[in-house]
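A.B. asks: Going by this note's numbering, the first residue of the sequence shown is number -12, and it counts up by one from there.
One structure is given below, represented as structure tokens, and several questions about it will come after.
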Amino acid sequence: MNVTVFGTGYVGLVQGAILADVGHHVVCVDVDASKVERLIQGQIPIYEPGLEPLVRENHAAGRLEFTTDAEAGVKHGQVQFIAVGTPPDEDGSADLKYVLAVAQTIAEHMQCDQIIIDKSTVPVGTADKVKAKVAEVLAKRGRTDLGFDVVSNPEFLKEGSAVADCQKPDRIIIGTQDAATIEVMRELYAPFNRNHDKIIVMDVRSAELTKYAANCMLATKISFMNEMANLAERLGADIEAVRQGIGSDPRIGYHFIYPGVGYGGSCFPKDVQALIRTAGDIDFDAKVLKAVEARNQEQKTTLFAKILRHFDGQLDGKTFAVWGLAFKPNTDDMREAPSRVLMEALWQAGAKVQAYDPEAMEETQRIYGSRDGLTLCGTKEAALKGADALVIVTEWQSFRAPDFDLIKSQLSQATLFDGRNMFQPARMRNKGFTYYSVGRHITS
Ligand code: NAD
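So, in structure tokens, the structure goes:
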């Protein structure tokens, strides 16, 4: 099938690549000319395991093309994916300007009937707005003879395992009631739907809400566990024991119940805020979601609070080794990352940061440049040199079994603030560390 994808970010690029890999002919359109140029040269602008060879091979085979030429893109596809960003507006609602700009572009150039697939995460009612925009432009062009459908097909990939998630999706949500569209969507996704039927067809508004409900549920699990961790700290309990105790109940399960320093990334924070806003627009008070958001904001500051307490409020002139800058492992994405809240609080208090991340160094440089108080280090060991304490913010695999003797020898004090509960408190004590973690202040 000939497929066009607007947007070559985490979603559009991965989706384009996996569709090309099964034999579809995909044209990816982006307004960012430098990004398109890099992609044509085989340079992948984001870090995502497995993506680079997939893009390179399919591009070389001619099944995956990149262009800024929107007209050519629209002409190419039998289906047109919208996979552009929906960042939060000032009031927290999803900003639809990129989505509607693509709708406009498609309508300006379409010459035959089209299926427009909304992959971006968009509030309930957006498909209607896209439909209205396309109809308006077609009317202006005097082409009301052209037919089109707008289908909601939200994306559930996880950054860090985006390729695998798209190749083996848990579910494929198709929000439309048009029988012909459903048929085309089934054909498009048939290569990913072989083991058992993963396609769930529903009305478009339910599909749009499904995406928000999924992310809000996951964010709720995290905020809930962080609340329990804060309680455990104060009650003399160990959240890691509690986690295992509750995870053993199959109704709860072990997945996604790790306490930490709060969720970040481009999706959970903005999607929780956007659904709160959507609820507000219809005078519904989303009490649970507001609490999830508030707990998360606060959680991002807890590591700093522990550091401040340990140093009796005197951070001026201190230096901290920070391991892990990406909002989670296996990505270079730092959008809404807890590391940013921590580093900015440290700088505010007069401290310096020696930072290391296996993949997010370039992104850190892009965000902070050569900011005073920030040293970007080439290795995790280099970040330790002369620092007063080590702070772990992201649980990268390569941090799991560090050389503790080396850490001790490099730090001015053997103090470790662990935002991800990577180590056993008793073992750390035996090794001579003052060790802070999340939700297990007192025991074990
Ligand atoms: P992104 O910011 O990484 O990429 C968006 C891309 O769209 C950019 O390259 C930008 O240049 C391009 N773009 C903007 N306007 C355009 C236009 N008019 N025509 C063509 N290209 C245009 O965004 P992302 O992380 O890929 O997210 C895209 C959408 O998918 C969002 O709604 C997001 O919420 C949703 N989503 C993201 C993830 C994730 O993990 N990142 C997962 C599921 C869903």
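Beta carbons: idealized from backbone N, C-alpha and C, even for Gly.
These numbers were taken from a predicted model, which means no experiment stands behind them.
Is any heavy atom of ligand 1 found at a distance shorter than 6 Å from the C-beta of Tyr423?
C.D. replies: no
A.B. asks: Just the C-alpha distance for Ala151 and Ile269, rounded to the nearest angstrom, thanks.
C.D. replies: Rounded to the nearest angstrom, the two C-alpha atoms are 38 Å apart.
A.B. asks: Please determine, among Glu35, Gly(-6), Gly64 and Leu38, the residue with the shortest C-alpha to C-alpha distance to His12.
C.D. replies: Gly64
A.B. asks: Helix, strand or coil for Ala167, going by three-state DSSP, please let me know.
C.D. replies: helix
A.B. asks: Three-state secondary structure (DSSP) at Tyr250?
C.D. replies: coil
A.B. asks: Where DSSP assigns a beta bridge to Thr54, which residues make up the other side?
C.D. replies: Val16
A.B. asks: Would you mind reading off the limits of the beta strand (DSSP E) that contains Val1?
C.D. replies: Per DSSP, Val1 belongs to no beta strand (DSSP E); it is in the alpha helix (DSSP H), Tyr(-3) to Asp8.
A.B. asks: Who are the Cβ neighbours of Thr288 in its own chain at under 6 Å, not counting the five residues just before and after it?
C.D. replies: Nothing meets the Cβ criterion.
A.B. asks: Put Val339 into one of helix, strand or coil per three-state DSSP.
C.D. replies: Per the sequence shown, the amino acid found at residue 339 is Lys instead of Val. It is a strand residue.
A.B. asks: How is Ile239 classed by DSSP in three states: helix, strand or coil?
C.D. replies: In this structure, Ile239 counts as coil in the three-state DSSP scheme.
A.B. asks: By the three-class DSSP mapping on this structure, what secondary structure does Ala401 have?
C.D. replies: coil
A.B. asks: Could you tell me which residues DSSP puts in a beta bridge with Met215?
C.D. replies: Answer is none; Met215 lacks a bridge partner.
A.B. asks: Closer than 6 Å to a non-hydrogen atom of ligand 1 - does that hold for the CB of Glu39?
C.D. replies: no
A.B. asks: Closest to Trp383 by CA distance: which of Arg416, Leu333, Trp310 and Asp392 is it?
C.D. replies: Restricting attention to Arg416, Leu333, Trp310 and Asp392, the CA atom closest to the CA of Trp383 is found in Trp310.
A.B. asks: Helix, strand or coil for Trp334, going by three-state DSSP, please let me know.
C.D. replies: helix
A.B. asks: Whole angstroms are fine: how far does the CA of Gly337 sit from the CA of Thr430?
C.D. replies: The predicted model places Thr430 with a pLDDT of 39, which falls under 50 and marks its position as unreliable; any figure quoted below should be read in that light. When rounded, the distance between both Cα atoms is 32 Å.
A.B. asks: Is any non-hydrogen atom of ligand 3 found closer than 6 Å to the C-beta of Cys254, if you look at the structure I gave you?
C.D. replies: With respect to ligand 3, the structure offers nothing, as its ligand set consists of ligand 1.
A.B. asks: On the premise that Ile5 lies in contact with Cys153, defined as a C-beta separation below 8 Å, what is that separation, rounded to the nearest angstrom?
C.D. replies: 5 Å
A.B. asks: Kindly indicate which three-state DSSP category Asn45 falls into: helix, strand or coil?
C.D. replies: helix
A.B. asks: Buried or exposed, going by whether 16 or more other CB atoms sit within 10 Å of the CB of His46?
C.D. replies: buried
A.B. asks: Here's the rule I'm using: 16 or more other beta-carbon atoms within 10 Å means buried, otherwise exposed. How should Leu364 be labelled?
C.D. replies: Reading the sequence as shown, one finds Cys at residue 364 and not Leu. Using a 10 angstroms sphere on the CB of Cys364, the tally of other CB atoms reaches 16 or more, which defines it as buried.
A.B. asks: With a threshold of 8 Å on Cβ separation, who are the neighbours of Leu175 within its own chain once the five nearest residues in sequence on each side are excluded?
C.D. replies: Met(-12), Val(-10), Leu6, His11 and Val66
A.B. asks: Is the beta carbon of Asp270 within less than 6 Å of some heavy atom of ligand 1?
C.D. replies: no
A.B. asks: Tell me whether Pro256 is buried or exposed, calling it buried when 16 or more other Cβ atoms sit within 10 Å of its Cβ.
C.D. replies: buried
A.B. asks: Assuming Val138 contacts Ile161 (C-beta within less than 8 Å), just tell me the rounded distance between them.
C.D. replies: 6 Å
A.B. asks: Using only the heavy atoms of ligand 1, determine whether one of them is closer than 6 Å to the beta carbon of Ala88.
C.D. replies: yes
A.B. asks: Could you tell me whether the region 236 to 250 touches the region 211 to 227, using the rule of 3 or more Cβ pairs below 8 Å?
C.D. replies: yes
A.B. asks: Name the DSSP beta bridge partners of Asn(-11), please?
C.D. replies: DSSP output for Asn(-11) lists His12 as bridge partner(s).
A.B. asks: For Asp136, would you say it is in contact with chain B, using Cβ-to-Cβ distances shorter than 7 Å as the test?
C.D. replies: In the structure shown, chain B cannot be found, because there is only a single protein chain.
A.B. asks: Going by C-alpha to C-alpha distance, which of Ala59, Glu24, Ala261 and Lys395 sits closest to Ser80?
C.D. replies: Ala261
A.B. asks: Figure out for me which residue from Asp303, Phe307, Lys155 and Gly419 has the closest Cα to the Cα of Met330.
C.D. replies: Phe307
A.B. asks: Would Val121 and Ala90 qualify as a contact pair, given that the criterion is a beta-carbon distance under 7 Å?
C.D. replies: Closer than 7 Å, so yes.
A.B. asks: Straight-line CA distance for Thr(-5) to Arg416?
C.D. replies: 47 Å
A.B. asks: Which same chain residues, not among the five before or five after Gln397, have their C-beta less than 6 Å away from its C-beta?
C.D. replies: Leu371 and Lys372
A.B. asks: Quick test of the definition: if touching needs 3 or more C-beta pairs under 8 Å, does the region 288 to 300 touch the region 316 to 333?
C.D. replies: yes
A.B. asks: DSSP three-state label for Val109, please.
C.D. replies: In the structure shown, Val109 sits in coil (DSSP, three-state: anything other than H, G, I, E or B).
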